[in-house]
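Quick note on numbering: the sequence shown equals residues 1 to 333 in UniProt numbering. Idealized CB from N, CA, C, for every residue including glycine. Comments concern the structure below.
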Amino acid sequence: MRISLSACNQVQPLVNFPGGSINMDQLILPRQRRKDKVVVVIGATGTGKSRLSIDLATRYDAEVINSDKMQIYKGLDIVTNKVTDEERRGVPHNLLGFVPPDEDFTAEDFVHHASLAADRITRRGRLPIIVGGSNSYVKALVNDDIEFRNKYELCFLWVDVLMPILHSFVSKRVDRMVDGRLVDEVKEFFVPLGDYSRGIRRAIGVPEMHDYFINEPLFHDDETRVKYLEEAIQQIKSNTCILACRQLKNILRLGALLEWRMHRLDATEAFLKRGDEADEVWERSVAKPSTKIVDRFLSRTNFTSAMSPHRMAMAPVSSILLGSTTVATAATH
1 MRISLSACNQ
11 VQPLVNFPGG
21 SINMDQLILP
31 RQRRKDKVVV
41 VIGATGTGKS
51 RLSIDLATRY
61 DAEVINSDKM
71 QIYKGLDIVT
81 NKVTDEERRG
91 VPHNLLGFVP
101 PDEDFTAEDF
111 VHHASLAADR
121 ITRRGRLPII
131 VGGSNSYVKA
141 LVNDDIEFRN
151 KYELCFLWVD
161 VLMPILHSFV
171 SKRVDRMVDG
181 RLVDEVKEFF
191 VPLGDYSRGI
201 RRAIGVPEMH
211 DYFINEPLFH
221 DDETRVKYLE
231 EAIQQIKSNT
241 CILACRQLKN
251 ILRLGALLEW
261 RMHRLDATEA
271 FLKRGDEADE
281 VWERSVAKPS
291 TKIVDRFLSR
301 TNFTSAMSPH
311 RMAMAPVSSI
321 LLGSTTVATA
331 ATH
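This is the structure:
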């Protein structure tokens, strides 16, 4: 017996309930829903992550979510290198300088607040851009938090600079910080028996100044003061370079762990130039390629199955590969 296919397209019958009739279509939950989009900008300290995030946010209707461990805290704006109001160019920044200085802010805390911020931003019809050098925070959010993975599709942009060039840059940046009141700023947070293992006092630039402030009452001449200050500044530079190397290793480790391909953007040439020429190279080698990547990312349709969290936890990470440039391309740096 042949069955007409038109019979399979009939309208679902109404089912009578005490409160009224309901169409059966309303009882069928969708198997898939569209994922919202999130851009993640990562890189070692000093590579220009904040600059790129703001560049992108001004080209799209976007807001930035800070994922830097120290910039989370209130205070020490110079030491933690927070973006200024002028540098933000009107772009809203979330999770920036909102935690009291002496509180501990864990990766779990970040996941909670970053998820809420991403939800608020997407509800406003905007694109969340997560940016920062704290890879443990990023890992906790994009790898360990199943709900976030199930809700968002991610695009990773990795701003990279050759380490010898970056070390020279961060060294000069520390000098600019010192010229910009770093010593006075740190002194406001100095406590002789201060705990440098929690809160904002963990930030590079604070523990290194301890000996200088402890011995300051004993300075009887400028030569002694300059000696202690130069030792502190050199230690800040050294620890910042060590941090940059550690962050690069963590980025490579994060990429291998997630099995996600990151779009590596080599900003080295821009760091070798000065003035307008440096801005032109940055636009050509970092900003424009990133814009093209994000354009493709936003135009791509992606759905997530309405599976349970337990089922999602067992799903292979390789099923959500993104991008076209693997992290292995930078393994030689």
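Apply the 10 Å Cβ neighbour rule to residue i and answer buried if 16 or more other Cβ atoms are within range, or exposed otherwise.
i, result
"residue 273", "exposed"
"residue 172", "exposed"
"residue 184", "exposed"
"residue 237", "buried"
"residue 73", "buried"
"residue 81", "buried"
"residue 137", "buried"
"residue 342", "Residue numbering for the chain in the displayed model covers 1 to 333; residue 342 lies beyond these limits and cannot be assessed."
"residue 287", "buried"
"residue 256", "exposed"
"residue 167", "buried"
"residue 52", "buried"
"residue 301", "exposed"
To the nearest angstrom, how far is it from the Cα of residue i to the Cα of residue j?
i, j, result
"residue 94", "residue 64", "6 Å"
"residue 233", "residue 245", "19 Å"
"residue 187", "residue 212", "10 Å"
"residue 223", "residue 294", "53 Å"
"residue 174", "residue 106", "27 Å"
"residue 281", "residue 217", "48 Å"
"residue 77", "residue 97", "8 Å"
"residue 262", "residue 253", "12 Å"
"residue 242", "residue 203", "13 Å"
"residue 123", "residue 208", "43 Å"
"residue 201", "residue 56", "31 Å"
"residue 126", "residue 199", "31 Å"
"residue 285", "residue 88", "21 Å"
"residue 182", "residue 145", "37 Å"
"residue 120", "residue 214", "45 Å"
"residue 307", "residue 149", "Below a pLDDT of 50, predicted positions are generally treated as unreliable, and residue 307, at 33, falls in that range; the measurement from the model is reported next regardless. Cα to Cα, residue 307 sits roughly 12 Å from residue 149."
"residue 151", "residue 61", "20 Å"
"residue 192", "residue 251", "36 Å"
"residue 240", "residue 40", "23 Å"
"residue 165", "residue 298", "33 Å"
"residue 227", "residue 210", "14 Å"
Determine the extent of the alpha helix (DSSP H) in which residue i is found, giving its start and end residues.
i, result
"residue 135", "135-139"
"residue 172", "163-179"
"residue 342", "The question about residue 342 has no answer here: the residues shown for the chain are numbered 1 through 333."
"residue 186", "182-187"
"residue 257", "222-258"
"residue 111", "107-123"
"residue 281", "275-282"
"residue 130", "Here residue 130 belongs to no alpha helix (DSSP H); instead the beta strand (DSSP E) covers 127-131."
"residue 55", "49-59"
Judging by CA-CA distance, which residue of the options is the nearest neighbour of residue i?
i, options, result
"residue 258", "294, 156, 301", "156"
"residue 162", "153, 264, 207", "264"
"residue 180", "144, 86, 79, 228", "79"
"residue 131", "286, 68, 269", "68"
"residue 143", "177, 115, 76, 221", "115"
"residue 134", "210, 128, 66, 239", "66"
"residue 49", "191, 129, 185, 149", "129"
"residue 43", "205, 249, 200", "249"
"residue 290", "126, 240, 198, 159", "159"
"residue 194", "147, 102, 227, 176", "102"
Can you tell me the Cβ-Cβ gap for residue i and residue j, rounded? I've got them flagged as a contact below 8 Å.
i, j, result
"residue 170", "residue 45", "7 Å"
"residue 38", "residue 118", "6 Å"
"residue 35", "residue 153", "4 Å"
"residue 189", "residue 178", "Rounded, the Cβ-Cβ distance is 16 Å, inconsistent with contact."
"residue 58", "residue 91", "6 Å"
Return yes when at least one heavy atom of the ligand SAM lies under 6 Å from the C-beta of residue i, else no.
i, result
"residue 149", "Summarising the ligand content, the structure contains no ligands, and the ligand SAM is consequently not present."
Going by DSSP, what residue range makes up the beta strand (DSSP E) through residue i?
i, result
"residue 265", "263-266"
"residue 212", "Looking at the DSSP string, residue 212 is not in any beta strand (DSSP E); the run it does join, the alpha helix (DSSP H), is 210-215."
"residue 82", "That residue, residue 82, is in no beta strand (DSSP E); it is neither H nor E in DSSP."
"residue 37", "36-42"
"residue 156", "152-160"
"residue 63", "62-66"
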